[in-house]
Structures are given as structure tokens and as C-alpha cells.
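Chains as they are written, first to last, in our numbering: chain A, 1448 to 2215; chain B, 59 to 218.
All C-beta atoms, glycine included, are put in the ideal place defined by N, C-alpha and C.
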Amino acid sequence: MHARRDFLKAGALLVSFSAASLTVSSLEGQGQFDTHPSHIDPKKLDSWLAVAADGTITAYTGKCDFGQGMFTAQTQLVAEELCVAISRVKLIQCDTSIAPDQGTTSGSQSTPTNFNSQNLALAAATARETLLSLAARKWGDPVDQLTAADGVITGTGGRHVTYEELIGGRRFNLVLSPTATRRSPEQWTVLGKPVPSLDRSALMTGQFEFIHSVRVPHMLHGRVVRPPGMGAKVASVDRGSVQHIAGLLKIVVRKDFIGVVAETQYEAMLAARQLAVRWNDGPELPSQKDFFEHLQRQPSKDTLSVDSGDVERLLDGATNVVRARYTYPYQMHGSVGASCAVADVKSDKATIWSATQSAYPTRSIASTLLNLPLDSVRVIYVRGSGCYGLNGADAVSFDAAILSQAVGRPVRLQFSREDEMMWENLGAACVIEHRASLAPDGRIAVWDREDWVTSLGNRPGYDRPGNVISGMLLGYEPEPLQPGPAKPPAGKFRNQSNTVPSYFAGCIEGGCGGGGTIRSERALTHTVRSPFFTGPLRSPLRIQNTFANECFMNELCAQAKADPVDFRLRHLDNARVIGVIKAAARAANWEPRVSPAPNPSKTGVVSGRGIACVDYEGGNGYAALIAEVAVDLATCLVRPTRFVVALDCGPVSNPDGLRNQIEGGILQGMSRALVEEVTWDNRRITSTDWETYNSLHLDYEMPAIESVFVTPEGVPAIGAGETAITVTPAAIGNAIFDATGGRLRGLPFTPQRVSAALREARRGSGLA
Amino acid sequence: MKPIRLKVNGQHRTVNVDPDSPLLFVLSDELGLRGPRFGCGMAQCGSCTVIMGGRVVRSCVMPVKAVGEEEVTTLEGLGTPAKPHPIQQAFIDEGAAQCGFCLSGVILTAKAVLDGNPGASDEDIRTALGGVLCRCFTHTRMLRAIRKYADTTREHARKA
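Here it is as C-alpha cells:
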């Protein structure tokens, strides 16, 4: 049986879409494993869409839903372009045997990739136009006389034909038409509407199938035994130490990878806890106390994003240079569910049920680790706990595959909380230093910024198993980091990591790609080997850089005695950044004045407001956020009270889903700003559970959030999931300064750091 | 391994398991329930929450032998997609989820508080949610859904 053909023959196999179909087991829902093409050709329409004999439309996508709403939005997209009700569309996400390879679902790229004029959107538009032409040919009518609605094409004289009558159960055998026209936002009836997320009923009633619920016949349970610290190597394993555990079937040792497989989860858990292993320690870790200084002394790979060549000369000659050094700690994805995967590895083929963001790369890595041909490995995406980037989902999938191969039976592997937190690819720690000076007219004359970014490993991609812990334990190296000096900037200006402040003109070889007016500009990045694995965590490096850039912008603004909104506008010429700043200021009733607030109280609770904005990745989303905070001067506790955000992501696919992402992003950003920081000792990460890594729980008194959408006419759809979080720490930091005069230059904003900033402010104003 | 009788979501079930096994593993592996999920295994996050005797219990740390006669209610025991419980309906109406992994802790904790005290204040409910973690930070919508449901229980409490 061929899985794709099953869908064509019988929409009944999948049932017509309803909330209930999300409760169907992925075993039944996804069809049988069999031969499949290594590459499902994304140029072909049949790779994306099928109309079944009963009129069900099955769409295949390589971008999946982790809770960010992509399942609902992509279903809306297909329904919109094909002029059918949402209930007619069944979306299959990220199954490497039947959906096109769209790489990794990450980086706010799903909307730009699938919602404009390529890929899924183009496929759906091509299908609609094809169906219209088929009907036109059948009747001899001009195609512009025909209309499509609710899966029926109506021609002249009222005659009509259904999609299934035209193509049901058969292939299109066409390539995507580059000229197929998308329905315009003015015509939309499904897309652009606040369609309730399709997974709601299943989620709220506990019927939704998470990866943690996947059960396969004859399945066993696995656990891993990780090293006690970074770089530790296996010296010996005492297999006798767990002999008393009745259901223990196998202890798997491969280089420094250790796992156990047992009949039940409980036995696997006991075996992993009790297995006696002697380890040889790795090198001692750098001390956390002076880690940032250590970081700045390391050999580095240097990159210049922009360099006008005159900053040293101008800063040397300036009398009023403003300097500041910002630090950003390691932070965690900290998924609420410890990662889990199920693998069924046979001698000649493998199926892996995985919550990875990278189903297709995971297939490639698994094929390497299992020594099986690529075409024999199938990865089926099943949603896990929210990941926010590279959490443990990739590692647990590889480990499950290794364990299943060792026992020749399906294995479900559940990480412990410690496995998850000690070994995930952390959000990078950074140091960012700024120097700038103002011209006599109060504008910024020159701005130089230099940052040190930690890096070790990353997403494994298609060929780098060592980028995550599983691969490293199996003897693969992470991507090498070659220290070396920066080359002069060349080519087009890029700002993928928001290294460059929005106010830089971004001029390279005469072409200026930045959104700002500052022409004496330099941005130099030093990438340094990290003692821990690092990887993309929601708004990777963008949140770190934006925190430092947007807070320093306010330091310059204070120096110029200007209003932070007005001062930003004076240094910008990107209309879309200007647009969100003005919209946020309007919505928040921003009154122009200098920060800090005049005559702040020296006791009790003081309040303030702060703004921050971003041109996300240089063109992939725009946000401006105004935060209002209360600071208790006695306890130095910071409590945000209100957020007003303006967001421009082009045409909005689902306003309710977008609001959900914005609210979640801002509050996650607030948690990261206020309490989140990874800790370690000389051997290991010591943030291994929810008592040693802080996150704001559900009892935290949440601020009000108001969001405004700015949608310029005729622009494409761009990223939306990471823009709001990116500006949150900076907006809060600027609000604390406004309330107290204290400048926070390091996250998280703990009472200790707030207290130190207040002392420094008093010293600065001669009040100490 | 030992046969153990349990009453789960209104049904009597007999499972053959190690009596020391956490209840969570029995619910998910023996009974195929999807509502309670493994989050931390240390009673720190709430993902595995069930209700027993009107109180919330972290099933990841409760040995199955300690359950006894008490009925266990999981998230799927409240209502179905076709007929959700009013608190589940409030969550559906508010779209109060992102990934949704944490929902057993959020919904069952709020329900248990309001079952015990239908007039519970927002403050009471928030305090009870202190041990529940949502890393997608859907806090605003979740608290709105709970408030919506609480308004109906408070109304009943007032009339009673």
C-alpha cells in the first residue's frame, strides 16, 4: 500500500476533517510505511494537494504546528485558495514519506515561505486555477465566466460541477504554475479571519495526541544515562548494579552514550537511576562569577556586519563619548514536557515518531546514525510540548532510534527533567559593548558596537549529529569554530541576528540597507566557543542584541535629553519601523518627555514607561512595544503592569492566533527578562529542574496586554511569532530606567541587579 | 507485578503492574489515557495532574498502590470533544492554549478549587495555580477562561 495513494482513493481513511480527527492515533492517521520517494518533488502539484473521490482535500506541508497555530493557519490558507469550507481540508504535516521537504520549521519562516507566492500557497492557487480550466474546457466556456465556491464550479447558464467530478481520486500531473494568482486579502473569507484554532476541543478534553501519547504495538520503554557533566567520558559500566530489575532487557553502551530498555516505563526509570557508571570528568568549566570577562578573553571568529571606517577617528576626537556594556545570560527552552520520541528500527527500515522542528534533517541524521539508506527512514512529526526552538526533541529522537536498533523492537524514550535541562542547546550568553557620541544638534554622530557570542553545536541539519548531545556522545564532533579576524563587509547588508541597531544606515560598498540615519557605524561580532551546547531559542541572538541595542538607544536619548519616541523617529527612515512606533505610541497615549520621569519618589512604589522596537531579522516583521512597570524601591521587585504592542507582519492569516502568539511572546519575554538564568558549577549545569531554573508560574499577576496590527497595503506576509518577544526585555529595562533612573544592563532583572542599578544611579546624581 | 484495582473516570479497571510504579505510568501506558502527561516527574510543573477525592494529585509521584479506593479523574474524565465540561468549554471559547501540554494542571487545579469553594476569589484560584507551569505563557487567556467559569460557579454559590 502506498500511503499517498490511500489518501487519493479514500478520503474516508482520514475522515473528513473535524476536531475529532486530531484525536486519531498517528498510527491510523498516517497510513502504512512502504516504499516512498526520497524527494517528494516540491515543483509538482501532487506533492502538495490531493482531491479525494469524496471531495476531501488533503494538503501536505513541510511546516508544522508546535502550538504556534500553523496547523489552523495553513488549513485556512488551503481552504481559502480552493474556495472550500475548512472542514473539507485535511492537513498532513511534516511526514517525510508523504510531505515535501521544507527543511526546518523555525525562524518565523513558515509564514513568509508558505503564505505568499510559492510552495503551499502557490500549490493551492494552481489547483484552483486548474480546476477552473478543467471545467472551462469541459463546457467550452471562457474561464473568466466561471466561479468557484464551496468546492463547486458554476458556469454560464447555471451549470455546475464539483471538484471531485473533475479530478477526484486522480492526480493533477502538473507542475506549480508560477503565474497562478493568489486570492487577494479583500476577497478572503476564511484566511484573515479569527478562525478558532482547530485543536481546541481535543486539547481541552485531554484527547489530543502528543508525542508523549504515541503507543506502538510491542513497544518497549527506554531511558538514557547522561554524563555527570560536560565532557565526561565513560570509564566503566557495572551491569550487575541493575540485574535485580526484572523487566530490564538491555543496557546499551556506544562510546559515551548509555541507555537502558525495559518492559515498562517504571523499570526503565529505575534502571537508569540505579545503573552504576564510572565516568572520567571532563575539563573544569569556567567560573560563572566572571564568565562574561572570561568570554571576552577567548579566541574568536570575527564578523563585521557593517563598518564605515571612521568610527575610531570620530570617537577619539569626541568629548562626550557614551559607553556601556550589556550582558545576557544563558537561558533555556525549558519545555514543560521533558522530550519524548518513539522509534521502530528494523534491520532494513526505520520509523521515528518525533516532535522535532526538523523532520527532514532528522531523517538524514538518523540514517547516518543507524547506517540505513535515507529512503528507508521515515520521520513522522507528532506535536510535543512547546519547544520554542531546539529543545531536546532532536536528541531524544536520535537516542530512541539507537535504542530501538539495539533491541530490534519499537522503543519509546522519555527524557527525565534533568536529561532535558542539563543537555539542551541553550540560548546563547552574550556580551555587547557600545560606544557612541552625539553631534551638537543632539543627534547621534557615531555608534560603534562590539559583541561576544557563545556558540557550540546548533541544529544538526542534514549532516552534523555532533551539534547536539546525542551525536557528541556517539563520537561526532560539533560544527568547528575557526577563530580568525573579520573580513571587510561586502555584498548586501544583512541583519539576520539583529546585531545592527535599527538606527544604522547599514552602508556597504555604497549601498545602504539599514533602516536608519547613522552613517558613522560599526558592528563587530566575536563568536566564541561555548562551554555548553547552544542553539536557537525563540528570537535567537535577536533578543540578546535588541535588549542591548534598544536600551543603549535610551541611554543616548537620556544624554540628548530627548523623548525616547521622538529620538527614535529622528534616527529612522524605515517607514515600517516608524509605522509601528507611531501606532504603539498612539495606542498607549504616550506623552513626550525625557526619561527618567521628573521628580521620582525616593520611597514606595514608583512607575515608569519604556519603549523598544525592532525590524526583525532586517525585514521579517516589525514591532514596537511600550511597557509600563511598577518598581518597589524597598524590595527592588519589578512588576510590569501594562504592555501595548504594535506589530506589522503584513497580511494577518488569523488575528486570534496572532494575538495568542503576541501575548505568549511578551509574557515569555517578561519571564526571561525578570527571572530566567542558567546556573552552573565547575563541572555541570546546576539548573536541572523548576526549583533551580526560574519561570513565572500561573500565580504571577499578569499585566494587561493590548495589541495593534499595522498592515501596509500590498506587502507580503512575513514573520510574526518572534517579534514581540524580541523587544520585551528592552522595553522593560527602559521602563525601569524611566521609573527609577537606574539602568539595568544585565538580565534577569533580579532585586539584586535592580538594587545595584539604583545605587549606581544615586551615585551618578550625587545622592549616594 | 501485582493486579491492582482502580476506578478511573467512572470505570473500574484492573491493571497488572509494579505497585510502586507512579500512577502516571499506569494511566498512560496501561489505560492509554492522554490527559495526564510527563512533565518533570518531580511534582514541580503540574502536567500530570489528576483529581482524587476532590483534591489535585501529581500522578508522577504518587505510587499506584497508594490510590486505594479513591476514584481518579483525568482531564478526559471531565467531558468529551462533543460534550465538554463547562470549564473545558470556557477554555475552548477563550482559545486558552498554545501547545496545550500543561492543560491537565491548569484546568483540573482550577476546577478542584472551585468545586471545593464555588465562591473562590480570583486570588484564591491564582494562589492554587502557583505550582502550575505553562511555558508558552498562555496565562492571560487561561486566567480569563477560569474567571469565566468561576463566574458561573459563584453565581450558583450566591443563589444556594
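Here H1973 (chain A) is buried: its Cβ has 16 or more other Cβ atoms, across all protein chains shown, within 10 Å. Bounds of the alpha helix (DSSP H) holding G2211 (chain A) are 2198–2211.
The Cβ atoms of F1619 (chain A) and L1492 (chain A) sit closer than 8 angstroms to each other. At least one CB of chain A lies nearer than 8 angstroms to the CB of H197 (chain B). The beta carbon of V1525 (chain A) sits closer than 6 angstroms to the beta carbons of A1506, V1536, A1571 from its chain, once the five residues preceding and following it are set aside; these are given in chain order. For chain A, the residues of the region 67–84 of chain B that bring a beta carbon within less than 8 angstroms of one of its beta carbons are V75, D76, D78, S79, P80, F83, in chain order. Among the CB atoms of chain A, one or more fall inside 8 angstroms of the CB of A155 (chain B). Burial is judged here by how many other beta carbons sit within 10 angstroms of a residue's own beta carbon; R95 (chain B) has at least 16 and is buried.
Counting along the chain, G2055 (chain A) sits inside the beta strand (DSSP E) bounded by residues 2052–2062.
Across the structure, L133 (chain B) and T1519 (chain A) are spaced so that their CA atoms are roughly 23 angstroms apart. For L1492 (chain A), the three-state secondary structure derived from DSSP is helix.
Excluding sequence positions up to five before and after Y1909 (chain A), its CB lies within less than 6 angstroms of the CB of P1808, S1811, all in the same chain and listed in chain order. Non-local beta-carbon contacts of T1551 (chain A) in its own chain, meaning distances under 6 angstroms to residues more than five positions away in sequence, involve Q1804, S1805 in chain order.
Rounded to whole angstroms, S2142 (chain A) and P61 (chain B) show a C-alpha spacing of 40 angstroms. For the region 115–128 of chain B, there are no residues whose beta carbon sits under 7 angstroms from a beta carbon of chain A. Flagged as an interface residue toward chain A: T185 (chain B), by a C-beta distance shorter than 8 angstroms.
By the Cβ test, the region 2173–2185 of chain A is in contact with the region 2045–2063 of chain A, since at least three Cβ pairs between them sit closer than 8 angstroms. Here the alpha carbon of G1604 (chain A) sits roughly 36 angstroms from the alpha carbon of K1490 (chain A). Three or more beta-carbon pairs separated by less than 8 angstroms are not found between the region 1878–1893 of chain A and the region 1843–1860 of chain A, which leaves the two stretches without contact.
Among the residues facing chain B, Y2069 (chain A) is not included, as its CB has no counterpart in that chain under 8 angstroms away. The C-beta separation of Y2069 (chain A) from D2095 (chain A) comes to about 4 angstroms, placing the pair in contact by the 8 angstroms criterion. Contact annotation, L191 (chain B) with V1783 (chain A): C-beta distance approximately 5 angstroms; criterion of less than 8 angstroms satisfied. Put simply, the CB of T107 (chain B) is far from chain A, with every gap to its CB atoms at 8 angstroms or more. Inter-residue distance for T1993 (chain A) and V2024 (chain A) is about 14 angstroms (C-alpha atoms, whole angstroms).
Judged by DSSP in its simplified three-state form, M1779 (chain A) adopts coil rather than helix or strand. Not a single CB atom of chain A sits nearer than 8 angstroms to the CB of G111 (chain B).
Taking every protein chain shown into account, the CB of D1791 (chain A) has 16 or more other CB atoms within 10 angstroms, so this residue is buried.
With contacts defined by Cβ atoms closer than 8 angstroms, D2136 (chain A) and M100 (chain B) form a contacting pair.
Identification of residues in the region 1716–1744 of chain A having a C-beta nearer than 7 angstroms to some C-beta of chain B yields an empty set. Annotation for V2076 (chain A): no alpha helix (DSSP H) segment contains it, though the beta strand (DSSP E) segment containing it runs 2069–2079. For secondary structure counted as the beta strand (DSSP E) over 3 or more consecutive residues, the region 2072–2159 of chain A holds these complete runs in sequence order: 2085–2095, 2151–2156. For T1974 (chain A), there is no enclosing alpha helix (DSSP H); the residue is part of the beta strand (DSSP E) that begins and ends at 1968–1976.
For a Cβ distance threshold of 7 angstroms, nothing in chain B lies close to G2166 (chain A): the least Cβ distance comes to about 17 angstroms. For E134 (chain B), the C-beta contacts it makes with chain A under 8 angstroms involve T1652, G1653, Q1654, in order along the chain. D1895 (chain A) places its beta carbon less than 8 angstroms from that of R1969 (chain A). W2037 (chain A) sits in coil when the DSSP states are folded into three classes, being neither helix nor strand.
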